[in-house]
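Down below is the structure, laid out as structure tokens.
2 protein chains.
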Amino acid sequence: MVQTRVTRLFQIKYPLIQAGMVWASDWRLASAVSNAGGLGLIGAGSMYSDNLRHHIKRCKQATDKPFGVNIPLVHPTVEEHLKIIIEEKVPIVFTSAGNPKQFTKLLKEHGITVVHVISSAKFAQKSEEAGVDAVVAEGFEAGGHNGREETTTLALIPGVVDAVKIPVIAAGGIYNGKSMLATMVLGAEGVQIGSRFICSDEAASHADFKKAVIDSKEGDTKLMMKNVMPVRLLHNKFFDTVAEYEARGATAEEMKTLLGRGRSKLGMFQGKLDDGELEIGQVSALIHDILPAGKIVENVMQEFRDVLRNPLGHLRQ
Amino acid sequence: MVQTRVTRLFQIKYPLIQAGMVWASDWRLASAVSNAGGLGLIGAGSMYSDNLRHHIKRCKQATDKPFGVNIPLVHPTVEEHLKIIIEEKVPIVFTSAGNPKQFTKLLKEHGITVVHVISSAKFAQKSEEAGVDAVVAEGFEAGGHNGREETTTLALIPGVVDAVKIPVIAAGGIYNGKSMLATMVLGAEGVQIGSRFICSDEAASHADFKKAVIDSKEGDTKLMMKNVMPVRLLHNKFFDTVAEYEARGATAEEMKTLLGRGRSKLGMFQGKLDDGELEIGQVSALIHDILPAGKIVENVMQEFRDVLRNPLGHLRQ
């Protein structure tokens, strides 16, 4: 099997991490991925603190394998969340969207492995200085919140790998064994996969959202709301309204008012496909089925092994 | 050696093509790359017809290997250009920015191998239907003119490879042997490299532009002028003006007036780094030296062979 510093760091079988995604990654998805040999993450970004505690407890019941929690450091109750994570002895935390200096020391003092999500070599270095154990380097093609630099995974990974000594996990554009190997050829020691797991039985996402994802075509996602917080969205009525606002140079305040509260829950969890915010990566165009999460892990790793054995063997002759 | 349908199609040693870039790719660069075993392309986009004929003639004198011409089909004298290409018996033509139905039949009737540049699976299919021999699939990270879909190379290649039977050449984000192998793992049968060859001795680009490219950092390029014709530019004073126009929702007409005529020549050929338009890819942040073009081909292929032999051998342990 393929062992890297990432498999050793998390004590997992495969260097494959399931992204902690809002309104999708609860204990069902995280435990299914961990049980299959990857690393499952609970997405705390869309959870109240008592809900987070519930999902952590259920995840511990559902798997004896390592799992983690992803938490955006801009979450309104981030401190309460971290208190629960520490109390519940979650072994691994992925932090994103904020300054890793703020809480890494606290988490490390409690023996927690800490990973921070970045979109540039510069912030990879800042994360390493803050003491994190690894970074996720997320490219422009990734779904949901994204960096302002717009650097794609292909152009991002080599620079991040050169900039830090800690392991780099690639994210954005990865959905099968070939794309997994491609990013590891660039120097990543593991991958984080998001959109592919939205299209899993265990994702908490609304069935209509999952269907919209597998039905989507190339060019159907775009990085929007760049003057507020860049986020990759699937095309729908809300997307068109955002595009209209942007075309006339709307201010950040106007965008925030349009966004309002609960837009992402409305779209991705409640299945209001017109008015909700639908976060997904560019690879949604390449995903055509909904599978059990464990089967996804198995398929990705099977293709990964095949293509690693003969990297150009699948080319037509 | 690595033989694919691309090496056989062009009768070249390596599946490595040098992009035909405006104000950069004249006979010196094209013949140097062809002599080194890749495929060199003359960039006709910035040439008057008599100038194009001169460069073709010189290229034929400088190499006995196959070479080609890249021509944007929106060029004002495209028919005159194609007439010269046919008269001078250029064996290979790469077309871009236009409808491949228009001239593919004419070129094929003269025994010319035709490749069209696309940025989506949909246009790859249209190109195949038009009779081209191969497509270049160019991702969002590429320099210069680019697709509206904003699909990155990592997310683009698998969809294009699935959509057509003809060979797919990957472009955008490729600058060394690892990134070359990464895109071929995704199914590309060859690669087209641009920015790395701007930083070559033989590129006709102004020395100050080359220096600006190797000094550039991550996030220094961005896809601009999306309401006219999307183009990836290096950050400079002109870029800031474009950004200001875009922030206030300027019309396509206003953008065209700002762009004016000769902006790209001013920046890339005459070295006016403040007021000129500087086209380059995201990998400019990863390129740190100017080398002979033949040496670039050699370095890329050496690393490619090494990493193909042991795709994960370079990961830290």
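Chains as they are written, first to last, in the working numbering: chain L, 935 to 1251; chain E, 935 to 1251. Note that beta-carbon positions come from the ideal geometry of N, C-alpha and C, so glycine has one too.
Remark: C-beta atoms of L/Ala958 and L/Ala1137 approach each other more closely than 7 Å. If you compare the alpha carbons of L/Val1165, L/Ala1219 and L/Gly1183 with that of L/Tyr1109, the shortest gap goes to L/Ala1219. E/Ala1105 has a beta carbon lying at 7 Å or more from every beta carbon in chain L. Just so you know, the alpha carbons of L/Lys1151 and L/Ile1046 end up roughly 40 Å apart. For L/Gly979, the closest C-alpha among the options L/Ser968, L/Leu1007 and L/Leu963 is that of L/Leu1007. What E/Pro1034 touches in chain L, judged by beta-carbon distance under 8 Å, is nothing: the nearest beta carbon there is about 18 Å away.
Burial check for L/Lys991: the Cβ neighbour count within 10 Å stays below 16, so the residue is exposed. Interface with chain E (7 Å Cβ-Cβ cutoff): L/Gly1124 is excluded. With a 10 Å radius around the Cβ and a threshold of 16 neighbouring Cβ atoms, E/Arg1243 comes out exposed. Shown in chain order are the members of the region 1109-1138 of chain E whose Cβ falls below 9 Å from a Cβ of chain L: Tyr1109, Asn1110, Lys1112, Ser1113, Leu1115, Ala1116, Thr1117, Met1118, Val1119, Leu1120, Gly1121, Ala1122 and Glu1123.
Taking the CA atoms as reference points, E/Gly972 sits about 10 Å from E/Gln1126. DSSP places E/Leu1088 within a helical segment (H, G or I) once states are collapsed to three. As the crow flies, the alpha-carbon of L/Met1159 is around 44 Å from that of E/Leu943. Closest option to E/Lys1171, judged by alpha-carbon separation, among E/Glu1211, E/Lys1035 and E/His1140: E/Glu1211. Interface flag for L/Leu1167 against chain E is unset, since no Cβ pair is found closer than 7 Å. For L/Phe1001, the secondary structure class from DSSP, reduced to helix, strand or coil, is strand. For L/Gly974 against L/Phe1001, the beta-carbon gap comes to about 5 Å, under 8 Å, which counts as contact. Your pair E/Glu1075 and E/Gly1194 does not check out as a contact, with CB atoms roughly 27 Å apart and the cut at 8 Å. DSSP, read as helix, strand or coil, puts E/Ser1030 in strand. Taking 7 Å as the cut-off, the beta carbon of L/Ser1053 is found closer than this to the beta carbon of L/Gly1081.
As for any alpha helix (DSSP H) of minimum length 4 sitting wholly inside the region 1144-1186 of chain E, the runs are 1171-1181, ordered along the chain. Not a single unbroken stretch of the beta strand (DSSP E) spanning 3 or more residues falls wholly within the region 1195-1232 of chain E. Scanning E/Gly1128, E/Gly1107 and E/Leu1088 for the CA closest to the CA of L/Ser1113 turns up E/Leu1088. Around the CB of L/Ala1141, fewer than 16 other CB atoms lie within 10 Å, so the residue is classed as exposed. Secondary structure at L/Ile1100: coil, using DSSP grouped into helix, strand and coil.
With distances taken between CA atoms, E/Ser1198 lies nearest to E/Gly1078 out of E/Gly1078, E/Leu1115 and E/Lys1156. Residue E/Lys1099 holds the alpha-carbon nearest to the alpha-carbon of E/Lys1060 among E/Lys1099, E/Thr1085, E/Gly1196 and E/Ala964. Note on geometry: alpha-carbon atoms of E/Ala1064 and E/Gly1032 lie some 12 Å from one another. DSSP lists no beta-bridge partner residue for L/Val1241. Contacts with chain L at 7 Å (Cβ-Cβ) do not include E/Arg1195. The beta carbon of L/Leu1088 sits closer than 7 Å to some beta carbon of chain E. Within the region 1031-1061 of chain E, contact with chain L at the beta-carbon level (separation under 8 Å) is assigned to Ser1054, Ala1055 and Lys1056.
At least one beta carbon of chain L lies nearer than 7 Å to the beta carbon of E/Pro1245.
With respect to chain E, the C-beta atom of L/Leu1220 has a partner C-beta closer than 7 Å.
Per DSSP, the continuous alpha helix (DSSP H) segment holding L/Val1119 begins and ends at Gly1111 to Val1119. A Cβ-Cβ separation of about 7 Å places L/Asp1223 in contact with L/Cys1133 under the 8 Å criterion.
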